[in-house]
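Student: Let me give you the structure first, and then I'll get to my questions.
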């Protein structure tokens with residue numbers, strides 16, 4: 012590929028500011044851009060546990076929707092009602108999950124692990140202060 016000079020300069024600047032290698036950043040942009048074309052309505056956000064796929068205009072991550080779906084025997088209608096979102100957002104999450112099952116299942120497992128760790132830390136702190 013031979014991007015325009017202006018694009019390369021913007022990439023160089025963004026890489027410097029983020030502390031990432033230009034190639035790494037360019038590959039991420041390319042991969043995420045392809046996903047956003049393939050599954051309209053999905054975008055990517057940074058967070059404490061890393062970058063994650065989320066649903067535009069909802070405030071929800073894809074893993075959150077998939078977890079609710081699994082908890083409701085896969086019922087998109089029940090998930091939409093529970094999350095108080097339009098059914099099209101649930102369908103978008105399902106489309107993403109269909110092509111990225113391992114990634115989303117890993118997110119759910121990591122969130123459980125973090126929740127357990129945080130609860131254990133909270134209980135230890137409560138014990139330490141005699142509550």
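Residue numbers (the working numbering): 12 to 142.
Don't be surprised by glycine CBs; every beta carbon is placed ideally from N, CA and C.
#1: If I'm right that residue 56 touches residue 104 with Cβ under 8 Å, what's the distance once you round it to whole angstroms?
#2: Between residue 64 and residue 76, is the Cβ-Cβ spacing less than 8 Å?
#3: Consult DSSP for residue 46 and reduce its assignment to one of helix, strand or coil.
#4: Return the first residue and the last residue of the beta strand (DSSP E) that residue 63 is part of.
#5: Taking the alpha carbon of residue 93 as the point to measure from, which residue in 137, 78 and 18 has its own alpha carbon closest?
#6: Which first and last residues belong to the alpha helix (DSSP H) in which residue 77 is found?
#7: Helix, strand or coil: how does DSSP classify residue 96 here?
#8: To which residues of the same chain is residue 140 closer than 7 Å at the C-beta, ignoring the five residues directly before and after it?
#9: The ligand NAD and residue 128: does the residue's C-beta get closer than 7 Å to at least one heavy atom of that ligand?
Tutor: This is what the structure holds:
#1: Wrong, their Cβ atoms sit about 14 Å apart, outside the cutoff.
#2: no
#3: helix
#4: 63-66
#5: 78
#6: 73-82
#7: coil
#8: none
#9: The model on display carries no ligand, and the ligand NAD is accordingly not part of it.
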